[in-house]
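Residue numbering for the sequence shown follows numbering that gives the first Met the number 0, beginning at 0 and increasing consecutively.
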Amino acid sequence: MSVIIYSRVGENNGTRRIWMEGFHLRHGGIEPGVTLHIRKHEKSNVFQLHPKPGSDSLGTVRVSRRTLKDGRTKPLIEIKDPTVLDALPGQMKLRIGVFKGKITIRAHVDEERIKAREKDFLETLMKGEPLKLGSLFHGGGMLDYALHSGLERVGISSYTKLAVEWDPRYIGSSYANNPQFFREDSIIINGPIQDSVLPADLSLHILTGGVPCVGASKSGISKNGLTHPEEHDQAGSMFYYFLRYIEAMNPAVITLENVVEYASSASMAIIRSVLNQWGYTLRETVLNGNDLGAFENRDRLAMIATSKGLDAMNLFPEVRSVAKKPDTLADIVEEFSADDEIWKDYDYLRVKADRDKAAGKGFAMQELDLTAEKVGTIGRGYAKVRSTEPRIKHPTDEKLTRLLTLTEHCAVKGAPASLIAGNSNTVGHEILGQGVIIPAFEAVFVELGIEMLTQIGLTVGTMAANDEWFDSDILYLTAEQQEMPQAAAIDLDRYPHVIHFADDSIALIGGYRPALANAA
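Shown next, in the form of structure tokens:
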């Protein structure tokens, strides 16, 4: 009989060990009192414990016994041999096979996948080659835009190897307006993610996903009469397909964005648990649009999961803004004459607002003048003119208001107008309304890009009293430090990339060092 044991390298009183015990060992031919000889496969970290000695034996381990109160005995094996343990470090998961008195010990397939994705990711960075991105629930490409732009700022190139999106209007818009995302070998899947067949033998470095939130947002739960997000007939199962793609593509880095309420959903709890089991370290935060350079005061959940060997990529909670928020709505709006037909009397919305207030629903209109310092969340259905989303007041007639134009909608989200070029008013607002706040996520990916560079040996420095701080590969300087005489000693030719933060501090990013590239 064959016995398969899934275990891991453990520790007892500070001593690392591999422990096996139980009657099932006897079914595989292991009996107490037997001495097993340790052998290692010459080209891999696979060990065999064999009852017969051989010239390639690395040591021995004796099968002990544990006697139970009823007199029965069961085999017990404790391996402390450093030859084995050094090759299987940490809390590594193991697959142990027992058959006909022999035992084979190897890293679990999850450990092999972890090693493979980290190796490919780091080697690609070292060589300066573009990282391959997978984009699920791609929409019009707003999250991709933030990712590519943020990484490009620090000198890391990337492209969208795989994009999955059900709406042909959205993916068509992204392909037309973001040619920099795609290359000849890119794959676009247009259709429901649940119907897609995962591409075979495709690995990615980064996988992003804006899992649909229509069942998780407050309005979605209320509108659909749900008790929990997973009840939604379409969006409720999307987390499952998100995990399927992660399992198939084995990325080193995963990013997820969603409404803040998603953090407390069962879906997110499952995502956390599964990714932890697959060897990822998760970090989460809430990004606020106003705090990170956008005019839209929108909170969004952001999760970054990095393969456990990249655990030093400690991104949150600090994310520094790379954009400055416009001061008032007047800095954003286009000019329209007082008699332009864009102004409308939405009397029915005032009636609804009064009815909602009386019912205690807490929904209120956003009718804003040009002195407003922020706007509230603008959703996918903005073109439908909904009572809770922002409208601009007429300069003289209190009954008249108007929606933001597409150009203005782009401006409040910090998105370039080119992202929605060629789209109808309805589709353009849909793409923007379900998209991310670009400056917020661009700031995340700038920070993540810097952390990536530290993974391949680039050093980080700040101005200090010693004479070597300016030799660092990544330099941070406050606005005041930039004016100090010491700053003149910096060799700016070494730093092809300069990041300007909203507080007027900067980061100087050095290029890839030849020694690192050669090491790959």
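C-beta atoms are modelled at their ideal positions from N, C-alpha and C, and glycine is treated no differently. All values reported here derive from a predicted model rather than from experimental measurement.
Looking at the secondary structure, which residues open and close the beta strand (DSSP E) in which Phe-294 lies? Residue 294 sits at position 295 when you count from the first residue of the sequence shown. For Phe-294, there is no enclosing beta strand (DSSP E), as DSSP marks it with neither H nor E.
By the three-class DSSP mapping on this structure, what secondary structure does Ile-449 have? Your numbering for residue 449 matches position 450 in the sequence shown. It is helical.
Rank Gly-308, Pro-495, Gln-193 by C-alpha distance to the C-alpha of Lys-451 and give the top, closest one. Walking along the sequence shown from the start, residue 451 turns up at place 452. The sequence given here has Met at residue 451, not Lys. Met-451 has its Cα closest to that of Gly-308, out of Gly-308, Pro-495, Gln-193.
Would you say Leu-402 and His-393 are within 8 Å of each other, going by their C-beta atoms? Within the sequence shown, residue 402 is the residue found at index 403, counting from 1. Within the sequence shown, residue 393 is the residue found at index 394, counting from 1. No. Outside cutoff.
Give me the Cα-Cα distance between Val-8 and Ser-54, rounded to the nearest whole angstrom. The residue labelled residue 8 in the question sits at position 9 within the sequence shown. The residue labelled residue 54 in the question sits at position 55 within the sequence shown. So the alpha carbons of these two residues sit roughly 27 Å apart.
Just to confirm the assignment, what range does the alpha helix (DSSP H) spanning Arg-271 have? The sequence position of residue 271 within the sequence shown is 272, counting from 1. 265-276 is the extent of the alpha helix (DSSP H) around Arg-271.
Can you grab the Cα-Cα spacing for the pair Lys-68 / Val-2, in whole Å? What you label residue 68 is simply residue 69 of the sequence shown in a count that begins at 1. What you label residue 2 is simply residue 3 of the sequence shown in a count that begins at 1. Between Lys-68 and Val-2, the C-alpha separation is close to 25 Å.
How far does the alpha helix (DSSP H) with Asn-189 in it reach, from first residue to last? Along the sequence shown, one-based indexing puts residue 189 at 190. For Asn-189, no alpha helix (DSSP H) encloses it; the enclosing beta strand (DSSP E) starts and ends at 186-189.
Tell me whether Gln-433 is buried or exposed, calling it buried when 16 or more other Cβ atoms sit within 10 Å of its Cβ. Here residue 433 is taken as the residue at index 434 of the sequence shown, counted from 1. Classification for Gln-433: buried.
Anyone know if the C-beta pair for Ser-195 and Thr-159 falls short of 8 Å? Position 196 of the sequence shown holds residue 195. Position 160 of the sequence shown holds residue 159. With respect to the 8 Å criterion, Ser-195 and Thr-159 are not classified as neighbours on the basis of their beta carbons.
Contact under 8 Å by Cβ, Ser-202 with Asn-257: Taking the first residue of the sequence shown as 1, we reach residue 202 at position 203. Taking the first residue of the sequence shown as 1, we reach residue 257 at position 258. Contact flag unset, no.
Ile-253: first and last residue of the uninterrupted alpha helix (DSSP H) it sits in: The residue labelled residue 253 in the question sits at position 254 within the sequence shown. For Ile-253, no alpha helix (DSSP H) segment is defined; the enclosing uninterrupted segment is the beta strand (DSSP E) at 252-257.
I believe Val-153 touches Val-445 by the beta-carbon criterion, under 8 Å. Please report the beta-carbon distance rounded to the nearest angstrom. Looking up residue 153 in the sequence shown gives position 154. Looking up residue 445 in the sequence shown gives position 446. Sure, about 6 Å apart at Cβ, within 8 Å.
So Ala-106 and Leu-87 are supposed to be a Cβ contact under 8 Å. How far apart are they, rounded? For this step, residue 106 is matched to residue 107 along the sequence shown. For this step, residue 87 is matched to residue 88 along the sequence shown. Confirmed, about 6 Å.
Coil, strand or helix - Ala-506 by DSSP: To locate residue 506, count along the sequence shown from 1; it is residue 507. DSSP, read as helix, strand or coil, puts Ala-506 in strand.
Is it the case that the Cβ atoms of Leu-142 and Gly-209 are separated by a distance below 8 Å? If you number the sequence shown from 1, residue 142 lands on position 143. If you number the sequence shown from 1, residue 209 lands on position 210. Yes, the Cβ-Cβ distance between Leu-142 and Gly-209 is below 8 Å.
Just checking, does the region 255-271 make contact with the region 292-305 on the three C-beta pairs under 8 Å criterion? Proximity of the region 255-271 to the region 292-305 meets the contact definition, three or more beta-carbon pairs being nearer than 8 Å.
In terms of DSSP beta bridges, what is Pro-389 paired with? Here residue 389 refers to the residue found at position 390 when the sequence shown is read from its first residue. Gln-365, per the DSSP bridge assignment.
Report the rounded CA-to-CA distance for Thr-280 versus Ala-251, giving the unit in angstroms. Against the sequence shown, residue 280 aligns to sequence position 281. Against the sequence shown, residue 251 aligns to sequence position 252. Computed Cα separation, rounded: 10 Å.
Could you say if the region 37-47 and the region 63-77 meet the contact criterion of at least three C-beta pairs nearer than 8 Å? The region 37-47 vs the region 63-77: no contact.
Kindly give me the distance between the Cβ atoms of Gly-421 and Ser-172, rounded to whole angstroms, as I take these residues to be in contact under 8 Å. Position 422 of the sequence shown, counted from the first residue, corresponds to residue 421. Position 173 of the sequence shown, counted from the first residue, corresponds to residue 172. Indeed they touch by this definition, with Cβ atoms about 7 Å apart.
When the Cα atoms are used, what is the spatial distance from Leu-369 to Ile-449? Reading the sequence shown from its first residue, position 370 is the one you call residue 369. Reading the sequence shown from its first residue, position 450 is the one you call residue 449. When rounded, the distance between both Cα atoms is 38 Å.
Span of the alpha helix (DSSP H) holding Arg-354? Here residue 354 refers to the residue found at position 355 of the sequence shown. Unbroken alpha helix (DSSP H) run through Arg-354: 346-357.
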